[in-house]
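Colleague:
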Amino acid sequence: MEVVVQDNESLERALRRFKRKVQRSGLYSELRKRRFYEKPSAQRKRKREAAIRRERRRQRRSASPRT
C-alpha cells in the first residue's frame, strides 16, 4: 500500500491519507486477527457468536418504538 506525497502536501496530511487507506482496506484488523493462530473450530465459534450478536442488535433496532 502506498501514498504519494504531493509537492504542496504536508507529511502529516499524507500520513492521514495513508492511515485512512489502511483502515478502509481492513488490513490492520486482518493483521490483528492473524497475530495468533486460531483453530478452525474457534473461528467458526467466533463467527457464529458475532452473527448472533448482529442479529440480536438488528432485532432490537427494528423492534424499538420510534418516537
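Numbered per our numbering, the sequence shown finishes at 68, counting up by one with no gaps. Each residue gets a CB set at the ideal place from its N, CA and C atoms; glycine is no exception.
Would you tell me roughly how many angstroms separate the C-alpha atoms of E3 and R35, rounded to the nearest one?
Modeller: When rounded, the distance between both Cα atoms is 22 Å.
Colleague: Under the three-state reduction of DSSP, which class applies to V23: helix, strand or coil?
Modeller: Helix at V23.
Colleague: In chain order, what residues of the same chain lie with their CB nearer than 6 Å to the CB of A15, ignoring the 5 residues before and after it?
Modeller: Answer for A15: V4 and V6, listed in chain order.
Colleague: Quick one, are the C-beta atoms of E39 and R47 less than 9 Å apart?
Modeller: Yes, the Cβ-Cβ distance between E39 and R47 is below 9 Å.
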